[in-house]
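Colleague: Before we start, here is the structure in question, set down as structure tokens.
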Amino acid sequence: MKGSLKKDQVQKLVLSGIGFVVLLYVYFSFFLGPLNKGRATAEASMADLQRKLASSKSEMSKAVSLDGQAKTATARFAALKALSPEGAPIAWFPPRLKILFANEHIDKATVRLDGSTPYKEPEMADWNKFSWVIELPQTDFATLGKVLAQLENNEPLLGISRLNIRVSGDDPQFQQVNLSANSTLLK
Amino acid sequence: MALHLNLLHEEIAEQRQRQRDPLKIGSMALGGIGALMLLFYVFKAYQMIEIKSRLGSVQRDWAKVEPTVTAAQKRSAELTAIIGTTKVLDTIVEGRFLWAPLLQTLSRCVAPNAQLTSITGTVADDNKAVTLTMEGMAAGREPRAAAEELRQLLSEQLAQSYTEVKVEFNSLEDLDTLVNVAGANMAMARYVIGVTLNPAPPAAPNSTAPRLPKK
């Protein structure tokens with residue numbers, strides 16, 4: 003039979019066609035696919051590293067310049083941080099104030115912790131606002147003014163939010179003082 | 255004309271048939287395509303090896319500088335945090351209200367014929383307003399005038415250091431009792447003075463004197 007294919011030849015051709023399609027699938031999926039994928043991953047990693055390398059120089063120069071600029075802030079921060087010794091503030095803050103008052107001959111001063119609240123600012127995550135109630139049972143006005151000036155100078159992170167001065171008993175020379183103060187201290 | 259007999263006709267036909275066999279042609283084509291695909295794969299694999307080599311080189315470069323860069327980034331973050339915290343702490347330090355200067359001003363205003371029996375002061379949460387309530391007694395021939403004198407002096411003195419100063423009587427009443435001041439009996443008045451002020455200092459007067467027009 004000249005010019006036409008035999009049945010078994012047609013079968014072979016069809017099978018060969020199917021085999022060819024399978025071969026193409028295997029080639030692209032299992033040979034070229036992983037190769038292309040690996041190449042894309044390597045190129046992405048390389049681009050990322052090159053970007054990091056390029057930015058590393060600016061990062062380092064930025065750190066150096068920031069170090070120079072932040073000298074004042076760093077010194078100031080260290081000084082403010084030094085005002086909060088280690089340990090719970092209730093352990094060291096009231097005695098510190100009592101010594102200050104005692105130096106001005108104000109005895110029997112009491113300093114009580116009223117509460118503490120964290121700051122909302124993210125920069126102040128390590129700091130708390132402590133509220134204190136300070137009672138001075140007997141002092142004279144001039145001494146009170148002097149001791150308050152010392153307190154405000156020595157404790158820059160302390161602010162008096164409420165003050166009450168009233169005559170103490172029968173002696174108008176002496177006053178009884180109640181203070182509400184807030185201090186910012188390390189947690 | 256000589257008779258030409260082709261005795262191998264069948265064999266030649268079979269040979270031609272074999273040469274035109276589509277299976278054979280298909281196999282050859284398949285082999286060709288397979289060879290091309292293999293070449294392409296080899297080319298791609300070579301490219302891949304080259305990229306891997308470049309990546310390795312970049313990774314080595316990065317490994318050299320990475321500790322320094324990481325340390326620099328860490329230091330930058332640390333310094334930025336310190337600067338931010340110091341700014342907030344400075345705001346707290348500078349924003350607080352100082353009571354000592356206020357008490358000093360009050361002590362300057364109270365005359366010998368006036369007495370303060372109680373002072374209560376509060377600072378608003380935003381540190382923008384201070385409220386004072388002062389109770390006391392004034393003595394004199396005109397005790398109300400003595401109390402008014404104290405109020406005016408307070409207003410005048412406080413306005414030098416603070417803004418939005420308001421000094422007002424909350425109450426002012428005469429008392430029946432007399433008090434002996436420097437050997438003379440004086441009438442007394444009890445007063446309650448309310449003070450509100452803004453801790454911000456008043457604006458400094460303009461130092462440059464206005465130019466006088468030339469005559």
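Listed in order, the protein sequences are those of chains A and B.
Mapping the first sequence onto the numbering used here, position 146 (from 1) lands on 148, and the numbers just tick up by one.
Mapping the second sequence onto the numbering used here, position 211 (from 1) lands on 465, and the numbers just tick up by one.
For glycine and all other residues, C-beta sits at the position ideal for the given N, C-alpha and C.
Does any residue of chain B have a CB that is nearer than 7 angstroms to the CB of residue 166 of chain A?
Modeller: Walking along the first sequence from the start, residue 166 of chain A turns up at place 164. So yes, residue 166 of chain A belongs to the interface.
Colleague: Just the Cα atoms here: how many angstroms apart are residue 468 of chain B and residue 419 of chain B?
Modeller: Taking the second sequence and counting its residues from 1, one reaches residue 468 of chain B at position 214. Taking the second sequence and counting its residues from 1, one reaches residue 419 of chain B at position 165. Only weak support exists for where residue 468 of chain B lies, its pLDDT of 47 falling under 50; the value from the coordinates is given anyway. Straight-line Cα distance between these residues: approximately 40 angstroms.
Colleague: Between the segment 312–327 of chain B and chain A, which residues of the former have a C-beta closer than 7 angstroms to a C-beta of the latter?
Modeller: Listed in sequence order: 312, 313, 315, 316, 319, 322, 323, 326, 327.
Colleague: Is the number of C-beta pairs between the segment 355–363 of chain B and the segment 429–442 of chain B that are closer than 8 angstroms three or more?
Modeller: Result no; under three Cβ-Cβ pairs closer than 8 angstroms.
Colleague: From the DSSP output, in three-state form, read off residue 124 of chain A for me.
Modeller: Sequence index remark: in the first sequence, residue 124 of chain A carries index 122 (1-based). It is helical.
Colleague: Is DSSP giving residue 380 of chain B helix, strand or coil here?
Modeller: As a first step, residue 380 of chain B must be located in the second sequence, where it is residue number 126. Coil at residue 380 of chain B, not helix or strand.
Colleague: Beta-carbon of residue 27 of chain A versus every beta-carbon of chain B: anything under 7 angstroms?
Modeller: By 1-based counting over the first sequence, the position of residue 27 of chain A is 25. Answer no: the Cβ-Cβ gap between residue 27 of chain A and chain B never drops below 7 angstroms.
Colleague: Take residue 363 of chain B and list the residues in its own chain whose beta-carbon comes closer than 8 angstroms to its own, dropping the five residues that flank it on each side.
Modeller: Sequence index remark: in the second sequence, residue 363 of chain B carries index 109 (1-based). Only 404, 407, 408, 411 meet the Cβ criterion.
Colleague: Does the beta carbon of residue 442 of chain B come closer than 7 angstroms to any beta carbon on chain A?
Modeller: What you label residue 442 of chain B is simply residue 188 of the second sequence in a count that begins at 1. Residue 442 of chain B does not count as touching chain A.
Colleague: In the DSSP assignment, find the alpha helix (DSSP H) that holds residue 27 of chain A and state where it starts and stops.
Modeller: Stepping through the first sequence from its first residue, residue 27 of chain A is reached at position 25. Element bounds for residue 27 of chain A: 9–28.
Colleague: Just to check, is the beta-carbon of residue 94 of chain A closer than 6 angstroms to a non-hydrogen atom of the ligand NAP?
Modeller: Looking at this structure, you won't find the ligand NAP or any other ligand, since it has none at all.
Colleague: Sort out for me which residues DSSP pairs residue 316 of chain B with in a bridge.
Modeller: Numbered from 1 along the second sequence, position 62 holds the residue referred to as residue 316 of chain B. Per DSSP, none; premise fails for residue 316 of chain B.
Colleague: How long is the line joining the alpha carbons of residue 12 of chain A and residue 286 of chain B, rounded to whole angstroms?
Modeller: One-based indexing of the first sequence puts residue 12 of chain A at position 10. One-based indexing of the second sequence puts residue 286 of chain B at position 32. If you take the alpha carbons of residue 12 of chain A and residue 286 of chain B, they lie about 21 angstroms apart.
Colleague: Would DSSP call residue 272 of chain B helix, strand or coil?
Modeller: Here the question's residue 272 of chain B lines up with position 18 in the second sequence. Helix, per DSSP.
Colleague: For residue 166 of chain A, which residues in the same chain have their Cβ closer than 6 angstroms to its Cβ, ignoring the five residues on either side in sequence?
Modeller: In the first sequence, residue 166 of chain A corresponds to position 164, counting from 1. Once the five neighbours on either side are set aside, the close Cβ partners of residue 166 of chain A are 180.
Colleague: Listed from N- to C-terminal order along the chain, which residues in the segment 59–83 of chain A have their beta-carbon within a distance smaller than 7 angstroms of any beta-carbon of chain B?
Modeller: Cβ contacts with chain B: 61, 62, 64, 65, 68, 69, 72, 75, 76, 78, 79, 82.
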